[in-house]
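To start, the structure itself, in structure tokens.
Protein chains in written order, with my numbering: chain A, 1 to 899; chain B, 1 to 171.
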């Protein structure tokens, strides 16, 4: 329509609506004079006029004003405050926004901290803050941030400081764990800053990872001296923290509570010793990776600070560990009189730890020391039950247990998921109308749901939901679901769904965001087609946190529907089966699987500990028994325990798991491994593996194991195919990647084995099994020096496994360094006095030394005790030179392997 | 006029934040009050080429329209699974799904109306986004209040029809 025509329509419309409706028709008949189109236009406007437009009757502008408040940072790029010109926003927190700015007078970059108006209203407090901040800055200490100016422009208070081009300790901790050396370095610098401040009579009052900056050159700077003065209660009549108030404000205040000393939390006077306590909390978090005190609510957190003792350190070598432990204990005393009385004393002790640590890491590189399992292997009673008990008392790994304490409370609350007032509802537009015509989705990857609450402490919600949906989908036949283990490597990464999909070779990718408001959680899930990048489906599901179980079920059901695959009712029922009603047990189970996946002696022990804890909470939790079985199989398989001890315990656990839940794929997989490795019931093992696959076609580990069985019987092509299937399902699993290299190795494909082992090491350079298989591939190629290097790396990474030492011995033997090989044999014999060493590894070295009689003597011992490697006798390339010997053929027959 | 938009935006934004810091939580901001105060502050600044008070109102209404529609669009985008921009829950509450979609449709229709009949589109902008009364709008547009009322009504009917066409259904 042209503007002219519109004007014509509009005039007629305005005239018509002025008229009595009864007279309009006649008026328009005359006015339009046969112009039908004009008539229609006016008529339609009259119709819509009658409908009204309520949207604009109620003005939207009030909402707009509200939006202005949260609309971006307070200062814009290019804006000036005093003689500083804003470059960009660096960050924002409870104590204001921080900007990078240019000092236009001194022509240098500085940082501007804008103080929130609510804290600067009280002039007296503002004055005290300024005084303290200035005096700290005046100390001119290399670890204390320099303040250039504290001022105000047009009522906006700000502080101009030195610009530190680095990250906060909080950001650093989020990125990854700290090395012990790094931790001690940072701690020493922070303590130096505090020491200078304390000597000048200044207490920081708010030591926390957010206030510690790390520069790339290694310098550490402590920020915000005196800033706590702004938020502090009045000097007189201070009251304990009002928990209600804190609960409703931002998570940052909450974060600060975490680092408070008991006297601070109680609202009592604070002095330098309060900083010492807070420093201890930070130090603990750097060492352990988790804060020593946790609580679901501020009240719980404060109770924890006031009453609970942090869990002691266990994961470091004794000298360093004991010393650090002593320091932490003295900094984290509830009574300030019992703490370090001055930070100088603490600083001195930290410097001693640094020396010890440096000394020890030197020793660690030069010496090799095995992990002694002491009494267990020699004198532990034979019965499996007793073995289990012995483990549970010996391997009580308390580390991390309390870290889970806060989660425990939350999880318990979730588990109480009462059906009362179940108000879950589904909203949002679901699948577009053409859904039916589209082909079903046959493979899917679930990116760990984003925790959009801004509170990393509710990761358990987003993670738990992701895990649950993966676990449920995995049980559906005909659908390939990428394993949790692989998917969680994508957690927190901003990868595009399409990119992830292509990388993992799946048809669709599901993403999700979890929001929480009060006790309401809201999950937005979206399904994307990897090929076309199209958004296939999206939905928002919400409900109360107390109804988490139902939300999970609904979420899974809706996702399954969106895949457009037809499943029968049995299949649907199977996926609905809950792992455990107890989320705490389930978390411990996942933790156990995490450690188990490390395939190290230490990891396996921690795995056993986690599974046992899970079973304490839920004694009928079948998957935890299966996990326990898998851990014992590893200790047996790596000849850390005698086969008898390891596999009896494993069988007991696996049988128990099947007894509780016959439909548990993991349990059949565990049993299959026992039948294969220890009982040499290869047909039985195959049946177990097949049953497991039928029950959970997406359980990567069972393909991994099954491939091992095929390899042992010399079916190399099948072994490779099945291992590839495992890798498809869990492409980032280290053990499956290393296992892939191993099947190539056994199949004689040494170059492929080397490539694959290197790929594994790209994923994790410190995975001992990958170094071992790389070494073996080098050995088969006659590259002995390279082989020894790799074996040595495996040995350094996991000194508790004698196999790696034996590998080195084989390499010496094969390269003609007979004397050194014999020394390794002696060393292994020495170790076997302390712990079990498999006769099979002796046989391997003697084979490499071409001493067939000794080799067969050791193999005979291996046969007698059913040593784990024996089932690989046919396919292990290390045994190739024995193939022509009648004794070898005879052994194969007795084990039950094909000739 | 385009150079003035960022200036007015910054000023309104700054004032809104100041208000909120001073006022009790739960207090809602009055857009018209905010715009009036911003005007008083900005006319003091000599170097800004304000033609008159009405000119300022026109700019302010445009700024409010941008802010609101931007938020509505990103809200709709997030709901459709774009997920690129995070919409905080409180904001989501201020702007429910249906309303956000309607606002976006309104903005689209208003652009078409501006091409056809700029005066009507501006009346909608001033009243709906700028929060002006009929009298203030009349003054700003230099027309009579009766004209504003009549134009408002036919613009509404037109927009109503356009928006129904857009969504393919009766609202």
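We treat Cβ as the ideally placed atom computed from N, Cα and C, and that holds for glycine.
Note that this is a predicted model, so its numbers are computed, not measured.
Please check the pair residue 206/A and residue 161/A, which I expect to be a contact at CB under 8 Å, by giving their CB distance rounded to whole angstroms. For a cut-off of 8 Å, the C-beta gap from residue 206/A to residue 161/A is around 16 Å, too long to register as a contact.
Examine the Cβ distances between the stretch 216-224 of chain A and the stretch 135-144 of chain A and report whether three or more of them are shorter than 8 Å. Touching, yes, given that three or more Cβ pairs across the two stretches are closer than 8 Å.
Taking DSSP's pairing of strands, which residues face residue 458/A in a bridge? Beta-bridge partners of residue 458/A (DSSP): none assigned.
Assigned exposure category for residue 198/A - 16 Cβ within 10 Å defines buried: Buried, since its Cβ has 16 or more Cβ neighbours within 10 Å.
Using 8 Å as the cut-off, can you tell me whether the stretch 498-517 of chain A makes contact with the stretch 531-546 of chain A, which would need three or more C-beta pairs spanning the two stretches below that distance? Three or more beta-carbon pairs separated by less than 8 Å link the stretch 498-517 of chain A to the stretch 531-546 of chain A, which places the two stretches in contact.
Given a cut-off of 8 Å on the beta-carbon distance, is the pair residue 710/A and residue 685/A in contact? Contact: no.
Taking residue 39/A as the reference, which of 227/A, 167/A and 11/A has the closest Cα? For residue 39/A, the nearest C-alpha among the options comes from 11/A.
What did DSSP end up calling residue 679/A once you bin it into helix, strand or coil? Per DSSP, reduced to three states, the secondary structure at residue 679/A is coil, with no helix or strand assignment.
DSSP state of residue 815/A, grouped into three classes? DSSP places residue 815/A outside both helix and strand once states are collapsed to three, so it counts as coil.
Candidates 167/A, 56/A, 512/A and 847/A: closest to residue 526/A by CA position: Selected option, being the one with the closest Cα: 512/A.
By alpha-carbon positions, which one of 140/B, 130/B and 108/B ends up nearest to residue 163/B? The option with the nearest alpha carbon to residue 163/B is 108/B.
Is there at least one Cβ from chain B nearer than 8 Å to residue 1/A's Cβ? It does; some Cβ of chain B falls within 8 Å.
Does DSSP put residue 200/A in a helix, in a strand, or in coil? Coil.
Express the C-alpha separation of residue 356/A and residue 340/A in angstroms, rounding to a whole number. Across the structure, residue 340/A and residue 356/A are spaced so that their CA atoms are roughly 20 Å apart.
Does the separation of the CB atoms of residue 810/A and residue 754/A fall below 8 Å? For residue 810/A and residue 754/A, no; Cβs fall outside 8 Å.
Through-space distance from residue 204/A to residue 729/A, alpha-carbon basis: Between the alpha carbons of residue 729/A and residue 204/A lies a distance of about 51 Å.
In the DSSP assignment, the alpha helix (DSSP H) including residue 752/A goes from what residue to what residue? Taken as a continuous stretch (DSSP letters only), the alpha helix (DSSP H) holding residue 752/A covers 750-763.
For residue 896/A, name the three-state secondary structure that DSSP assigns. The three-state secondary structure of residue 896/A, taken from DSSP, is coil.
Does the Cβ of residue 630/A have 16 or more other Cβ atoms within 10 Å, making it buried, or fewer, making it exposed? Under the 10 Å beta carbon count, residue 630/A is surrounded by 16 or more other beta carbons and is classified as buried.
Check whether the stretch 467-483 of chain A touches the stretch 744-764 of chain A, taking contact to mean three or more Cβ pairs, one atom from each stretch, closer than 8 Å. As far as the Cβ criterion goes, the stretch 467-483 of chain A does not touch the stretch 744-764 of chain A, which means the pair count is below three.
Spell out whether any CB of chain A is found under 8 Å from the CB atom of residue 154/B. Using a CB distance cut-off of 8 Å, residue 154/B counts as an interface residue toward chain A.
Below 7 Å on C-beta distance, what does residue 51/A contact in chain B? Chain order gives the chain B residues near residue 51/A as 160, where near means a beta carbon separation below 7 Å.
Count the C-beta pairs between the stretch 733-750 of chain A and the stretch 494-506 of chain A that are closer than 8 Å, then say yes if the count reaches three, no if not. Two segments are said to touch when three or more pairs of C-beta atoms, one from each, lie closer than 8 Å; by this definition the stretch 733-750 of chain A does not touch the stretch 494-506 of chain A.
Mind listing which residues of the stretch 451-468 of chain A have their C-beta closer than 8 Å to chain B's C-betas, in chain order? Under the 8 Å Cβ criterion, the stretch 451-468 of chain A contributes 452.
Can you check whether the CB of residue 560/A is closer than 8 Å to the CB of residue 604/A? Taking 8 Å as the Cβ cut-off, residue 604/A and residue 560/A do not qualify as a contacting pair.
Residue range of the alpha helix (DSSP H) that residue 609/A falls in? It spans 601-617 - the alpha helix (DSSP H) in which residue 609/A sits, taken as one unbroken run.
Span of the alpha helix (DSSP H) holding residue 443/A? For residue 443/A, there is no enclosing alpha helix (DSSP H); the enclosing beta strand (DSSP E) covers residues 443-446.
If we cut at 8 Å on Cβ distances, does residue 900/A have a partner in chain B? It is not possible to answer for residue 900/A, since the shown part of chain A is limited to 1 through 899.
Assess contact between the stretch 790-802 of chain A and the stretch 761-779 of chain A, defined as three or more Cβ pairs (one per stretch) separated by less than 8 Å. Is contact present? Using a Cβ-Cβ distance cut-off of 8 Å, the stretch 790-802 of chain A and the stretch 761-779 of chain A are in contact, since at least three pairs of beta carbons, one from each stretch, lie closer than that value.
What did DSSP end up calling residue 638/A once you bin it into helix, strand or coil? Of the three classes helix, strand and coil, the one that applies to residue 638/A here is coil, per DSSP.
Nonlocal neighbours in the same chain, by C-beta distance under 7 Å from residue 16/A, ignoring five residues either side: Within the same chain, residue 16/A has close Cβ partners 24, 27, 28, 42 and 46.
Does DSSP put residue 153/A in a helix, in a strand, or in coil? Note: residue 153/A maps to strand in three-state DSSP.
Can the beta-carbon of residue 916/A be found closer than 8 Å to that of residue 767/A? Absent from the model: residue 916/A. The displayed extent of chain A is 1 to 899, so no value can be given.
Give, in chain order, every residue of the stretch 201-230 of chain A whose Cβ lies closer than 8 Å to some Cβ of chain B. Only those residues of the stretch 201-230 of chain A whose C-beta falls short of 8 Å from the nearest C-beta of chain B would be listed, and there are none.
Where residue 519/A meets chain B, residues with beta-carbon distance less than 8 Å: By Cβ distance, chain B contributes nothing, its closest Cβ being about 13 Å from residue 519/A, past 8 Å.
Is the beta carbon of residue 61/B less than 8 Å from the beta carbon of residue 38/B? Not closer than 8 Å, so no.
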